[in-house]
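Add 74 to a position in the sequence shown, counting from 1, and you land on the number used in this note's numbering. Yeah, the Cβ is synthetic: ideal placement off N, Cα and C, and Gly gets one too. None of these values were measured; they are calculated from a predicted model. The structure appears below as structure tokens.
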Amino acid sequence: MPVGPGNDTGSDALVSGTLSRLTINPEGTVDGFVLTDGTLVRLPPHLGSQLAALVRSGERVTVAGERRFDDEIHARVVRNDGTGASLSDQPPAPVAPVPAMLRGVNLARLSVSGVVRRVTHAPRGEPDGVMLDGGAIVKLTVPAARQFGALLAPGERVAAIGYGTRNAYGEALQATAFGAPGHVVNLYDDVVR
Numbered sequence: 075m076p077v078g079p080g081n082d083t084g085s086d087a088l089v090s091g092t093l094s095r096l097t098i099n100p101e102g103t104v105d106g107f108v109l110t111d112g113t114l115v116r117l118p119p120h121l122g123s124q125l126a127a128l129v130r131s132g133e134r135v136t137v138a139g140e141r142r143f144d145d146e147i148h149a150r151v152v153r154n155d156g157t158g159a160s161l162s163d164q165p166p167a168p169v170a171p172v173p174a175m176l177r178g179v180n181l182a183r184l185s186v187s188g189v190v191r192r193v194t195h196a197p198r199g200e201p202d203g204v205m206l207d208g209g210a211i212v213k214l215t216v217p218a219a220r221q222f223g224a225l226l227a228p229g230e231r232v233a234a235i236g237y238g239t240r241n242a243y244g245e246a247l248q249a250t251a252f253g254a255p256g257h258v259v260n261l262y263d264d265v266v267r
């Protein structure tokens with residue numbers, strides 16, 4: 075479902091470019107990358123370690139996938155143009171689910187602030203987070219993102235507190251509080267800021 079004028083969603087895409095950086099989810103797993111032209115390429119997190127082994131910042135890649143938004147692609151195949159090696163989106167092997175008491179055990183309390191570089195989207199096109207100028211990724215639930223529509227735009231200054239990961243690939247958190255710097259609002263009643 076398109077989100078605003080000019081968005082071409084659901085069409086096949088074939089793009090080539092130079093990898094700027096890998097992206098991670100709040101659990102610290104690589105889940106995509108950004109090309110130097112700003113294109114965001116998403117992959118399922120179960121392919122993260124394969125992607126990290128396949129490509130490095132500065133290398134040229136070709137991506138075949140589905141265009142979700144003007145500059146966001148869900149990859150089906152990623153090829154390292156220099157080595158010819160590639161990976162394709164295949165369902166993960168079945169694994170036992172993480173016990174409820176262990177979910178989130180490796181997450182750290184983080185706080186970030188900066189200027190919104192881009193807005194990220196959920197599969198149906200709703201905003202669900204931002205990437206900041208310093209590289210941090212802030213994830214929001216879709217209902218929480220709706221509360222902050224005016225702040226979810228490139229160039230806006232935002233701050234967030236939440237739980238996530240900081241590792242060699244960057245920093246990402248699931249926000250429990252979000253807003254303009256100095257005016258951060260708790261998103262959940264039962265979470266201490």
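Using CA coordinates, which residue listed in the options is at the minimum distance from residue i?
i: A227; options: A242, N241, M205 and A218; result: M205
i: A218; options: T250, V152, P166 and R231; result: T250
i: N180; options: P168, V190 and G238; result: G238
i: S185; options: D111, T110 and E245; result: E245
i: V129; options: S160, G139 and I147; result: S160
i: Q124; options: T103, E133 and F252; result: T103
i: N241; options: N99, E133 and S94; result: N99
i: R150; options: P171, R134, P118 and F143; result: P118
Name the two residues that bound the continuous beta strand (DSSP E) containing residue i.
i: L93; result: S85 to I98
i: A138; result: R134 to F143
i: V169; result: Neither: V169 is in no beta strand (DSSP E) and is coded neither H nor E.
Which residues does DSSP pair with residue i in a beta bridge?
i: A233; result: S187 and G253
i: S162; result: V151
i: G102; result: Looking at the DSSP assignment, G102 forms no beta bridge with any residue, so it has no partner.
Identify the continuous alpha helix (DSSP H) that holds residue i and give its terminal residues.
i: V216; result: V216 to Q221
i: A127; result: G122 to L128
Pull up the CB-CB distance for residue i and residue j, whole angstroms please, since I reckon it's below 8 Å.
i: V189; j: D207; result: 4 Å
i: D163; j: L121; result: 7 Å
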